[in-house]
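Residue 33 in the UniProt record's numbering is what sits at position 33 of the sequence shown, and the numbering runs on without skipping anything. Think of the CB as a built atom: it goes at the ideal place given N, C-alpha and C, for glycine as much as any other residue. The model shown is predicted, which means the values in this text are computed figures rather than measured ones. Data first, discussion second: the structure below is written as structure tokens.
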Amino acid sequence: MVERQPQGLRERKKLRTRHSLCEAAMRLFHHKGYEETTVAEIAAAVDVSTRTFFSYFASKEDVVFHDTRARAQQALALIAAREPGEPVAALLTRVADAILTLDPVEGDLVLRMMPERSGIIREVPALQARALHLLFEFQRELAGALHEAYGGELDHVEAATAIGAFIGGAKLAATVTMDHGGSPEQVVAAAHRAAELAISGLQGLGHQDSP
1 MVERQPQGLR
11 ERKKLRTRHS
21 LCEAAMRLFH
31 HKGYEETTVA
41 EIAAAVDVST
51 RTFFSYFASK
61 EDVVFHDTRA
71 RAQQALALIA
81 AREPGEPVAA
91 LLTRVADAIL
101 TLDPVEGDLV
111 LRMMPERSGI
121 IREVPALQAR
131 ALHLLFEFQR
141 ELAGALHEAY
151 GGELDHVEAA
161 TAIGAFIGGA
171 KLAATVTMDH
181 GGSPEQVVAA
191 AHRAAELAIS
201 GLQGLGHQDS
211 P
């Protein structure tokens, strides 16, 4: 996991406001409905202006997927910084550890929001479509980055298969665990275990023998 630098007062205040907007939005979506909830209502629940809301999020939809891009960027940065001679399985293990280990700053928020956020995504077709689009684009970006990181060692099919197995397995395991009533902590653990199982089958990819 990427080590965070100590935050100043202004940064901590902005983070608290961002978290408060996320939690207020989830409460309103759950009790009133996603379509029926307005940005003004979300802002009012946190006692800020709509202008302040839009300084943090472009839309209601972006609140639901508030942490998605940050995780993608973290994974892409790790792949781009592949260590010399590092096999695919070792690199993807580091990626899995980074994106599936809950951040001490964001982790509590993610766990608190998980049940309501998952329910809202399932109930709203537009959010379902956005979730699938983001998942596909995430996998496509990672596959491209993995192919580039391994130069002539992996072709496009091998890179896509490795990422599909890793991300797809983790996502499906998390969903199934949630369907069976698993707690947020159990959902995260299931995703991590599935990623490890998928990655274990990639031991032969991107391996360079020592000279």
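> Can the beta-carbon of Gln188 be found closer than 7 angstroms to that of Met178?
Replying inline: In the sequence on display, residue 188 carries Val and not Gln. Taking 7 angstroms as the Cβ cut-off, Val188 and Met178 do not qualify as a contacting pair.
> Can you list, in chain order, the residues of its chain whose CB lies under 8 angstroms from that of Lys171, leaving out five sequence neighbours each side?
Replying inline: So the list reads Leu135, Ala191, once near-sequence residues are dropped.
> Can you tell me where the alpha helix (DSSP H) with Asp179 in it begins and where it stops?
Replying inline: 156 to 179
> Which term fits Thr37, buried or exposed, when burial requires 16 or more other beta carbons within 10 angstroms of its beta carbon?
Replying inline: buried
> According to DSSP, is Arg4 helix, strand or coil?
Replying inline: Model confidence at Arg4 stands at a pLDDT of 47, short of 50, so the residue's coordinates are unreliable; what they give is reported in the following sentence. It is coil, neither helix nor strand.
> Leaving out five residues before and five after Glu185 in sequence, what residues of the same chain have Cβ atoms less than 8 angstroms from its Cβ?
Replying inline: Leu111
> Leu146: which of Gln128, Met113, Arg82, Gly182 sits nearest, CA to CA?
Replying inline: Arg82
>> Could you compute how far the alpha carbon of Thr50 sits from the alpha carbon of Tyr56?
In response: One C-alpha to the other measures close to 10 angstroms.
> Expressed to the nearest angstrom, what Euclidean distance is found between the alpha-carbon atoms of Val2 and Ala98?
Replying inline: Interpretation of Val2 is limited by its pLDDT of 41, a score under 50 that renders its predicted location unreliable; the figure taken from the coordinates is listed afterwards. Each residue's Cα considered, the two are about 7 angstroms apart.
> Which whole-angstrom value is the C-beta distance of Ile167 and Leu142, which I expect to be below 8 angstroms?
Replying inline: Between Ile167 and Leu142 the beta-carbon gap is near 7 angstroms, inside 8 angstroms, which marks them as a contact.
> For the candidate residues Tyr150, Ile163, Thr93, Arg193, whose alpha-carbon lies nearest to that of Val176?
Replying inline: Among Tyr150, Ile163, Thr93, Arg193, the Cα nearest to that of Val176 is on Arg193.
> What residue range is occupied by the uninterrupted alpha helix (DSSP H) comprising Gln186?
Replying inline: 184 to 200
> Under the rule that 16 or more other beta-carbon atoms within 10 Å means buried, what is Phe54, buried or exposed?
Replying inline: exposed
> Are Ile163 and Gln139 touching if we call contact CB-CB under 7 angstroms?
Replying inline: yes
> How big is the Cα-Cα spacing for Ala80 and Ala149?
Replying inline: 6 angstroms
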